[in-house]
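Numbering (the working numbering), first residue to last: 720 to 1191. Here a beta-carbon is modelled for each residue, glycine too, at the ideal position from N, C-alpha and C. Shown next, in structure tokens, is the structure this report addresses.
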């Protein structure tokens, strides 16, 4: 039994992804069977009508494509299957004689046949159904629905609440500055983003995604958003200050990390991605520059400019070239699988100081990525080679983290043998790498930059972008 790799053309997917016709799908013994030779395309559209996290796909030779339930929570599946029927019955134009027999068929199938489905990957990860994960989703949705607008106090100079110290970093959208709150004395990093550049580069949606996601997530391996606000010219994200600096700095300060250090940081990224993926968030920009290390040697994922909630799949070409998965380069549409590919690249770079497919020619680098050309330095151990290769497989049905058991497949790799992920999530595991930090406001782990005055544009300054950022 092989697995289906669904694909639908980028220019058609928005209009067609939830439309399935009567002659394309049959309901057979508790399973939906695709009968057309264009099975992969139909499956993509069928998935648009399904509860994505509760199903995986299996296909036999020919055009018979089967969707089967996948979960240990039978009550939850039962509920979802009935919701599924409510969605699909009108679409498939089933007649009443067929409909009335389906509920009992579903009950029988769930208890008998589904339990015995063969293992193997699907292009969609297995959903987590633990109480903790459900609580995390509830908390996220509640926060998301109650977000305030950053325009609330735009006439009041919000920067006056902070004492400005120095620049921590610069980028195409603006800069990040180190500040200290005047009331509590806590240090923060304020990301100053120029509205004009956001609009010119068509990054309004990405910036809104970043604000919404960072406002609602709560994970020990994700940087915390303290506050956000705006004036007539800039957007401001006030983030907790992680004084250990970027992982990039530490990798190149040491040439590369040891086996144990790389494994520790990789495990924390796994837990960070597990949390994000369970909220349907694809990060899409993993690289050492976007990983901060705190004063106790724990990773914090930062810069959510490309992060997005993806219910099914997305087609946007974004990310850092060295870390792009082949499905992004080939414009095939993608989901959470791209983050696991990027983790394979990260482990490789942590261990030797450069990405595995790097080439001075970007087109040649993309060619290497698509072809999967991979070579390891002699100091790599067998188990780290194994996990890197498992992440860096172009076949989505075999990519580690994207198969039947999802993140559990990663945690049970030989590479992570002996790793207590529960203790790690609780920050009870001592890091093998502690950055040198002089104090809460010590910025010595960050490069120095030419300073520019930070001015508040509020009050009488007209905002030409008010309508665009009215909900920010």
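Need the endpoints of the beta strand (DSSP E) that residue i sits in, please.
| i | result |
| --- | --- |
| residue 896 | 893-900 |
| residue 888 | 881-889 |
| residue 672 | Here the chain covers residues 720 to 1191 and nothing more, so residue 672 does not appear. |
Per DSSP, what are the beta-bridge partners of residue i in this structure?
| i | result |
| --- | --- |
| residue 1010 | 1020 |
| residue 955 | 911 and 948 |
| residue 1053 | 1033 |
| residue 965 | 1011 |
| residue 1001 | 1027 |
| residue 941 | 1020 |
| residue 906 | 899 |
Please classify residue i: is it buried, with 16 or more other beta-carbons within 10 angstroms of its beta-carbon, or exposed?
| i | result |
| --- | --- |
| residue 1019 | buried |
| residue 1178 | exposed |
| residue 1200 | Residue coverage of the chain in this structure runs from 720 to 1191, which leaves residue 1200 outside it and unanswerable. |
| residue 796 | Caution applies to residue 796, whose pLDDT of 39 falls short of 50 and renders its modelled position unreliable; the model cannot decide the point. |
| residue 1069 | buried |
| residue 954 | buried |
| residue 721 | Per-residue confidence for residue 721 stands at a pLDDT of 24, beneath the threshold of 50, marking its modelled position as unreliable; the derived number appears in the next sentence. So residue 721 counts as exposed. |
| residue 1021 | buried |
| residue 1122 | buried |
| residue 905 | exposed |
| residue 1158 | exposed |
| residue 973 | exposed |
| residue 920 | exposed |
| residue 1172 | exposed |
| residue 901 | exposed |
| residue 1054 | buried |
| residue 886 | buried |
| residue 1190 | exposed |
| residue 1196 | Not covered by the structure: residue 1196. The range shown for the chain is 720 to 1191. |
| residue 1117 | exposed |
| residue 1174 | exposed |
| residue 1186 | exposed |
How far does the alpha helix (DSSP H) with residue i in it extend, from its first residue to its last?
| i | result |
| --- | --- |
| residue 935 | 923-935 |
| residue 1143 | 1140-1144 |
| residue 1127 | 1126-1130 |
| residue 1047 | 1045-1048 |
Is the Cβ of residue i closer than 8 Å to any Cβ of chain B?
| i | result |
| --- | --- |
| residue 952 | Absent here is chain B; the protein component of the structure consists of one chain. |
Next on the checklist: In chain order, what are the residue ranges of uninterrupted alpha helix (DSSP H) at least 4 long that sit wholly in the stretch 1055-1118?
Outcome noted: Within the stretch 1055-1118, the complete alpha helix (DSSP H) segments of 4 residues or longer fall at 1056-1071, 1081-1090 and 1101-1110, listed in chain order.
Item to check | the stretch 1161-1174 / the stretch 1126-1143 touching (three or more Cβ pairs under 8 Å) | outcome: In short, these stretches do not touch, since the Cβ pair count stays below three.
Checklist entry - Is the stretch 984-993 in contact with the stretch 1113-1131, if contact means three or more CB pairs nearer than 8 Å? => result Touching, yes.
Checklist entry - Quick check: the stretch 971-982 against the stretch 1041-1053, are there 3 or more CB pairs under 8 Å? => result No: the two stretches stay apart, fewer than three of their Cβ pairs being nearer than 8 Å.
Next on the checklist: Check whether the stretch 883-902 and the stretch 854-864 touch, using three or more Cβ-Cβ pairs below 8 Å as the test.
Outcome noted: Pairwise C-beta distances place the stretch 883-902 out of contact with the stretch 854-864, as fewer than three of them are shorter than 8 Å.
Checklist entry - Would you call the stretch 911-921 and the stretch 959-973 in contact, with 3 or more CB pairs under 8 Å? => result Under the three-pair Cβ rule at 8 Å, the stretch 911-921 does not count as touching the stretch 959-973.
Checklist entry - Is the stretch 1149-1166 touching the stretch 1004-1019 in the sense that three or more CB pairs, one from each, lie closer than 8 Å? => result The stretch 1004-1019 and the stretch 1149-1166 touch, with no fewer than 3 CB-CB distances between them shorter than 8 Å.
Item to check | Stretch pair the stretch 1109-1116 + the stretch 1089-1099: three plus CB contacts closer than 8 Å | outcome: As far as the Cβ criterion goes, the stretch 1109-1116 touches the stretch 1089-1099, which means the pair count is three or higher.
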